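Counted the way numbering that gives the first Met the number 0 counts, the sequence shown spans residues 0 to 1253.
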Amino acid sequence: MLKHICLRYLLTIHWISDIHFTGVTMPLPYSNTSQSLDDDEPFDADEFYVGPASIDSHSSIDNDVPETSDPEKDSRGTQPPLTHFWANSRAPAMTDRYDMKGHQVSDTAMADHVALGAIRLIRLVQHVNNSGWVMLGPRRETMYPNTLISLGEKRQWLRTQLHCHSSDRHRACLRVYALPEDVKRGSRGSIKDLRKVLKLVTEFIDTSTETWEGTYDPESPIRTYVEPPASQEEESLFYIFNTLSSPRPSIDGAGTCHFSEQSMAAIFEDAIDGLKTPLYPYQKRSVAKMLQKEANPAKLLDPRKLRFHDIHGKEFYFDALEGSLCLRPHLYSEPQGGILAETMGYGKTLICIALILASRGHYPKLPEGRIDTLAKTTSQRTPSLLELTAKKIKHAGVPWKSHFASLQREGYHFAHLTEVIEKYDAEFAEPIFHPITPSRKLKTREDFRVLRLCYATLLIVPPNLLVQWQHEIEKHTEHDSLDILVLDSSTKDIPTYQTLMKHDVVLITKARFDQEYRDDDLNQGKRVRGQEKFRSPLTEVRWLRVICDEGHGFAGSSYKTHAMAMLDKMSVERRWVVSGTPSHSLHGVEVNLALDGNIPDGGLSRRQSIQTALEQRKTKDPAMEEIKDLERLRVMVVKFLKLQPWANQKGDDYADWKRYLSPFDVAGKRRFAPALREVLQSLIVRHRIEDIDMDLCLPPLHNRTVSLEPSYYDKISMNLFRMSLSANAVTSERVDEDYMFNPRNRKFLDNLINNLRQASFNWVGYTHHEVTETLRVSNTYLDNNIDNISDDDGRLLTEAIMNGDRALKDAGWCAFSFFHEMGVYVEGFPDHAAQAWALSGKTTTPLLLGTVQAREAQQYVLKNLESPDPADGLTGAGLRAMLAARVRANEDEQARQKAAATSNGKPPTAGVNEQPKVKHQPTSSSSSPIAPLRSPTKGAVPELCTSANKRPRSTSFTAMPLHLTKATIIGFTSAKLNYLCSRILSLQESEKIIIFYDSNDIAFCIAEALELLSVKFLIYANTLSVGRRAAYLATFNQSEVFRVLLMDLKQASHGLHVASASRVFIVSPIWQPSIESQAIKRAHRIGQTRPVYVETLVLKGTLEEKILKRRRQMSNVELVKAEKSLLDDGTMNGIIRAEGFLTIRDGEDKLLIGGRLDSPIPLFDRSDLTDPQTQAEDDLILALEPEHPAKKIKTTKQKAKTVAFSASEKVAALRAGSPMIPTLGGRRSIFGGGGGDTPNDKTQKSVRISVEIP
């Protein structure tokens, strides 16, 4: 111990008398670099890191500090508390620079080093006579010296200088110079150890010049390489997406390829061969940018290594998270592709078509490192010059097809040349890096596969957009400008690769593409003995391009699908994802404006609205939603686009996507992620909306809410739901599982609220028995607890009982509940038949009928127009119709009771799982094609078919008797239906109309009313076959016969083009803003020539009015939290609990408030009544053909269809084998389905659409 003290004393004297440095680094016995000195151990001066110091002759340094270890690694595994004590001292002066061994440092010695910055040091005093130094960082502190810093100095990776603070003796700074990885590689040692050192240093380095000079303010923040610069603000993913720079391609950006240069010039000069439709300037820029990325991908800086300048201005590149420091940039090539994300409705389909035409006939290049190594076959004869030239053309990748096409338009013919060229394939060997184990019959392992260069584009589209894509190609391209092969689910076998290579576009549905994947490694045991391994023709060529329309579907939670696996097996040069919403919440800011009311035509107000909306979401998006969005983007970028370095395998410069690009740290706090914007900018082709507005101005969009006074029966229906909730709350005393709002009843409560929202349009789901039972329980509870119940609960339960009694005493509601019908008011119905047709069995003024019965009475009169009095027999027909309806209602009730008895348990309260029951077509001779879905209790969901839209009957029939002309339809029992029908009748002559619904039951009600009013309409429902939906959509867009389209809200999400409609009605408020914006953009998009008017229908004073008001008040964070259910919003949950009853005044049922059309409509005297003998499909643009008998021969194979689109043809090709569709007649649904009158009635039709095959 004595020796130890003497050595310290002598060393201190030596420093004071002989050394006058600019800084000091003291030996710390407690640091992890020092070891305890035994008396027998020799003194090692190197253990004391005597560095540059500035100590005047009167200063004293006491290093007698209690021995502790470095906080990072203590031998005892603990970290001592760091307590700062201050002592009086004065600051030293600076002189020369010295290294850590006390040698003076020259500028030339530092030439290869980077001046990273300085570390702030503070003297730590734990006892009066003990002191040490601590490195200060923004997140933690640690003792100095440090093991890793010492290792860096020893390996000459680091050079450090200690410099005292200018005004505080107990503060200092440690200047750090680092040697980059790419300098003096032979002497740098282990890169892994070097990065460990730099990662540690990065935690404490301050990049400010004040700290470097030793003049820093101790209270000033430490600016590290990890922390964002002061000028950089935090940005949400939504904000980054909407502020990406618009494409700015140059005409010489296609690189050195002559053919790509020609294509680029054609794009800018509006001279793309085969394109009929002129491109807007922003579309030309997008096409040119896509071609530029394909033909001449740029070199990008490694996004992990950001560019910095050191203290002296030297440029370097530094990955602070990994500790990788380089003097020269590390470059990666852009992918040959990306994400086309132009906003919804601005022509992404046309942009893709233009890109395909501009590069028609271009061949992909051989993959890097691949050469033509296949054995050359020896010809039996000397090839001709023509054959040699043809072979050279194919191997050189000359786009001969587009050149020949241009010559052909000039009158040249060269069929023989084409035939010779197509004989040769540019083949190459693709190594199989993970070959499977060969079978016993194979003598050698398969180590490569043969691929052929192919100029075709594989276009993968959702099934419901297949026909739309064909129609768009036909509309925008000239005749024979593209050879297209259509593959869908009816195509059993993909054609051979020779056939694929002859087409410019292979159009395939995603469902059929999924079917093509077969994992041979997993399914070898399933193959029949002797059966060869399956190899898809899609994997035998190298495709020029793959385009995934609505590609966000590939990035869902189940992205490990057959489609993604199939893409991995294919060889593709260029890859594109097409989606206006690459992820759930990534969409154009202008889409949100559609929800706020009117969108201005342009100018300053629109720009201000956009900027305000952007600023509101600059940093306020919820963390979990952004994390999900980034994960979806990761799948696109890594799995599909193969962007480096994110797609690199582990061990091959692997880059962790979440670590570098997530805008949130591990704790969920938002952080600065500078690489995120650069990555998205390099991938996404998208214009800012303000740049598009300079080239294109869509017609104005008007969005308003229409508040309607609820009808008498609307109030009864909604009050019954409130009755159930109120009775449940009071009788359960709001505790335990009996209470509806108990978390365990969440599923039932969700169903009840959804049914309550549907009741604003029409609801007949409650039965007489359920209401009676609810009243019995309520009355019993009230009698037993009359002395204990609170005044508020007493009033609430009493009001619930009164509303239940009102419903039970109303004959109309009882009839609706039993027959499950929508009511219609008719004045002037023939008196002798009124009681027979009355829904309640009582004659009232006006007469209350069911819409199905009113339609059948109408059809009865129509069928007997040739008789002297068409009303003869009308009474008997009414009796038969009502009897058949009663029989069906009883059957449905029995089926419902049977289903309830076999269920796992009874719902907590009435109205939770109830659905409107069967609304069957009567079993009369009428062939009215409108009949609702079968009862849900049947357990069968019929296939959907078209609504009945039949041709007007000839006006040459006998005049209508006078007493029948007096019968008029004055309204329906639903206020919303009255408003819809009135608006449709007034607008259908001049405008096309879309009606969005969110329930099939609502669609039934609308369809029945339109049938009764003889309004021709089509329906786009979720249960229709893909082919039939496509046929209806094409017909609506192109035909003037059909003016109304009913569309399921779930089907209006992406890709559908319905710009022919200028009026949009939303029957119920939509909770999710993104869904509403998608629905609106179906009509407000490029191609729209009229102002678009959107009307959302709301009943005054009801829950849905409060829902809409609350949604408009919510922030984006709140909306995301409550995205799945409005009950997830605490405020909305409270509103529902406190919802009261609607006031019903005495005699209100006679006033017909909300129950009238704007103008009465004749029931019988109509020149536009439809003839039951005509078929509904006669007016469809896509004609229906008789079904061909199916053959049960296993060897029968459906062939793919080759289609050449002609400008003279109106109809695009559709798959040849469509699902079976029931015949018209008997009972059937507007959604397709419904059986015949007897079980043996199985006559069916199939949709078959003509295809022009050259």
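Quick reminder that beta carbons are idealized off the backbone N, C-alpha and C, glycines included. All values reported here derive from a predicted model rather than from experimental measurement.
> Would you report the Cα separation of L682 and F258, rounded to the nearest angstrom?
Replying inline: Residue numbering aside, residue 682 sits at position 683 when the sequence shown is read from its first letter. Residue numbering aside, residue 258 sits at position 259 when the sequence shown is read from its first letter. Distance between the alpha carbons of L682 and F258: 24 Å.
> So who's on the other strand from Q160, going by DSSP bridges?
Replying inline: The residue labelled residue 160 in the question sits at position 161 within the sequence shown. According to DSSP, which records beta bridges pairwise, Q160 is partnered with R174.
>> Using CA atoms only, rank isn't needed, just tell me which of A270, I472, R534 and M500 is closest to Q514.
In response: Numbered from its first residue, the sequence shown carries residue 514 at position 515. Checking every option, the nearest Cα to that of Q514 belongs to R534.
> If we ignore side chains and look at the alpha-carbon of each, how far apart do S578 and R369 end up?
Replying inline: To locate residue 578, count along the sequence shown from 1; it is residue 579. To locate residue 369, count along the sequence shown from 1; it is residue 370. For S578 and R369, the distance between alpha carbons rounds to 33 Å.
> When you compare only the Cα positions, how much space is there between I1135 and N761?
Replying inline: Position 1136 of the sequence shown, counted from the start, is the residue given in the question as residue 1135. Position 762 of the sequence shown, counted from the start, is the residue given in the question as residue 761. One C-alpha to the other measures close to 20 Å.
> Quick one: what does DSSP say I493 is sitting in, helix, strand or coil?
Replying inline: Residue mapping note: residue 493 aligns to position 494 of the sequence shown, counting from 1. If DSSP states are grouped into helix, strand and coil, I493 belongs with coil.
>> Let me check one thing: in DSSP terms, what residues is D548 bridge-paired to?
In response: Here residue 548 corresponds to residue number 549 of the sequence shown, with the count starting at 1. D548 is bridged to V577.
> Out of curiosity, what's the CA-to-CA distance linking S1059 and H701?
Replying inline: The residue given as residue 1059 occupies position 1060 in the sequence shown. The residue given as residue 701 occupies position 702 in the sequence shown. Taking the straight line joining both Cα atoms gives about 16 Å.
> If we count the other Cβ atoms within 10 Å of its Cβ and call it buried at 16 or more, is H308 buried or exposed?
Replying inline: The count along the sequence shown starts at 1 and reaches residue 308 at position 309. With fewer than 16 other Cβ atoms within 10 Å, it is exposed.
>> Going by DSSP in three states, F203 sits in which element: helix, strand or coil?
In response: The count along the sequence shown starts at 1 and reaches residue 203 at position 204. Here F203 sits in helix by DSSP.
> What three-state label does DSSP hand S1013 in the structure shown?
Replying inline: Translated into the one-based positions of the sequence shown, residue 1013 becomes position 1014. It is coil, neither helix nor strand.
> Of the residues R1111, R616 and F427, which one's Cα is nearest the Cα of K393?
Replying inline: Translated into positions along the sequence shown, residue 393 becomes position 394. Nearest option by C-alpha distance: F427.
>> Taking a contact to mean a Cβ-Cβ separation below 8 Å, would you say L324 touches P137 in this structure?
In response: Position 325 of the sequence shown, counted from the start, is the residue given in the question as residue 324. Position 138 of the sequence shown, counted from the start, is the residue given in the question as residue 137. Not in contact: L324 and P137 (Cβ atoms no closer than 8 Å).
>> I believe A564 touches Y496 by the beta-carbon criterion, under 8 Å. Please report the beta-carbon distance rounded to the nearest angstrom.
In response: Reading the sequence shown from its first residue, position 565 is the one you call residue 564. Reading the sequence shown from its first residue, position 497 is the one you call residue 496. Not really, about 20 Å apart at Cβ, beyond 8 Å.
>> Can you tell me whether E367 is helix, strand or coil according to DSSP?
In response: Position 368 of the sequence shown, counted from the first residue, corresponds to residue 367. Of the three classes helix, strand and coil, the one that applies to E367 here is coil, per DSSP.
> Count the other CB atoms within 10 Å of the CB of N999; is the residue buried (16 or more) or exposed (fewer)?
Replying inline: Position 1000 of the sequence shown, counted from the first residue, corresponds to residue 999. By the 10 Å Cβ count, N999 comes out buried.
> Whose C-beta lies closer than 6 Å to the C-beta of G970 among residues of the same chain, with five residues either side of it excluded?
Replying inline: Numbered from 1 along the sequence shown, position 971 holds the residue referred to as residue 970. For G970, where only same-chain residues beyond five positions count, the Cβ hits under 6 Å are Y824, N977, G1154, R1155 and L1156.
> Does the pairing of the region 242 to 249 with the region 280 to 291 give three or more beta-carbon distances under 8 Å?
Replying inline: yes
> How about D569 and T538: do their beta carbons lie closer than 8 Å?
Replying inline: Mapped onto the sequence shown, residue 569 falls at position 570. Mapped onto the sequence shown, residue 538 falls at position 539. What sits at residue 569 in the sequence shown is Met, not Asp. It is a contact, given that the beta carbons lie within the stated cut-off.
>> So the candidates are L719, I271 and I785; which of them puts its Cα closest to the Cα of E477?
In response: Walking along the sequence shown from the start, residue 477 turns up at place 478. Nearest of L719, I271 and I785 to E477, Cα basis: I271.
> If you check the beta carbons only, do I148 and V196 fall under 8 Å apart?
Replying inline: Position 149 of the sequence shown, counted from the start, is the residue given in the question as residue 148. Position 197 of the sequence shown, counted from the start, is the residue given in the question as residue 196. Closer than 8 Å, so yes.
> With 16 as the cutoff for other CB atoms within 10 Å, does G877 come out buried or exposed?
Replying inline: The count along the sequence shown starts at 1 and reaches residue 877 at position 878. Under this definition G877 is a buried residue.
>> Could you check whether V397 and A455 sit closer than 8 Å to each other, using their CB atoms as the reference points?
In response: The sequence position of residue 455 within the sequence shown is 456, counting from 1. The sequence position of residue 397 within the sequence shown is 398, counting from 1. Taking 8 Å as the Cβ cut-off, A455 and V397 do not qualify as a contacting pair.
> What's the gap between the Cα of L613 and the Cα of R1042?
Replying inline: As a first step, residue 613 is located in the sequence shown; it is residue number 614 there, counting from the start. As a first step, residue 1042 is located in the sequence shown; it is residue number 1043 there, counting from the start. Distance between the alpha carbons of L613 and R1042 is about 38 Å.
> Do the CB positions of L1256 and F740 come within less than 8 Å of each other?
Replying inline: With the chain covering 0 to 1253 only, the question about residue 1256 has no answer from this structure.
> Looking only at C-alpha atoms, which of N591, E732 and A319 sits nearest to K304?
Replying inline: Taking the first residue of the sequence shown as 1, we reach residue 304 at position 305. Closest by alpha carbon: A319.
> Would you call the CB atoms of G336 and L724 closer than 8 Å?
Replying inline: As a working note, residue 336 is residue 337 in the sequence shown. As a working note, residue 724 is residue 725 in the sequence shown. Against a cut-off of 8 Å, the Cβ pair of L724 and G336 comes out as no contact.
>> Only counting the same chain, and skipping five residues up and downstream in sequence, which positions put a Cβ closer than 6 Å to that of L354?
In response: As a first step, residue 354 must be located in the sequence shown, where it is residue number 355. Taken in chain order, the residues that qualify are V286 and M289.
>> Under DSSP, the alpha helix (DSSP H) around R1110 begins and ends at which residues?
In response: By 1-based counting over the sequence shown, the position of residue 1110 is 1111. First-last of the alpha helix (DSSP H) with R1110: L1102 to Q1112.
> Tell me, which residues are paired with P430 by DSSP?
Replying inline: In the sequence shown, counting from the first residue as 1, residue 430 sits at position 431. F447, per the DSSP bridge assignment.
> Excluding five sequence neighbours on each side, which residues of the same chain lie with their C-beta closer than 7 Å to the C-beta of V182?
Replying inline: Numbered from 1 along the sequence shown, position 183 holds the residue referred to as residue 182. If we look at V182 and ignore the five residues flanking it on each side, its Cβ neighbours are D111 and L326.
>> Considering Cα atoms alone, identify which of P742, R1089, L1096 and R1081 is closest to C980.
In response: By one-based count along the sequence shown, residue 980 stands at place 981. Here the closest residue by C-alpha is L1096.
> Are the region 683 to 699 and the region 763 to 776 touching, with three or more C-beta to C-beta distances below 8 Å?
Replying inline: no
>> Does the structure place the region 540 to 555 close enough to the region 360 to 367 that three or more beta carbon pairs sit under 8 Å?
In response: yes
>> On the DSSP letters alone, give me the boundaries of the alpha helix (DSSP H) that I1135 sits inside.
In response: One-based indexing of the sequence shown puts residue 1135 at position 1136. Taken as a continuous stretch (DSSP letters only), the alpha helix (DSSP H) holding I1135 covers G1129 to A1137.
>> Please state the DSSP three-state secondary structure of Y978.
In response: In the sequence shown, counting from the first residue as 1, residue 978 sits at position 979. Residue state, collapsed to three classes: helix.
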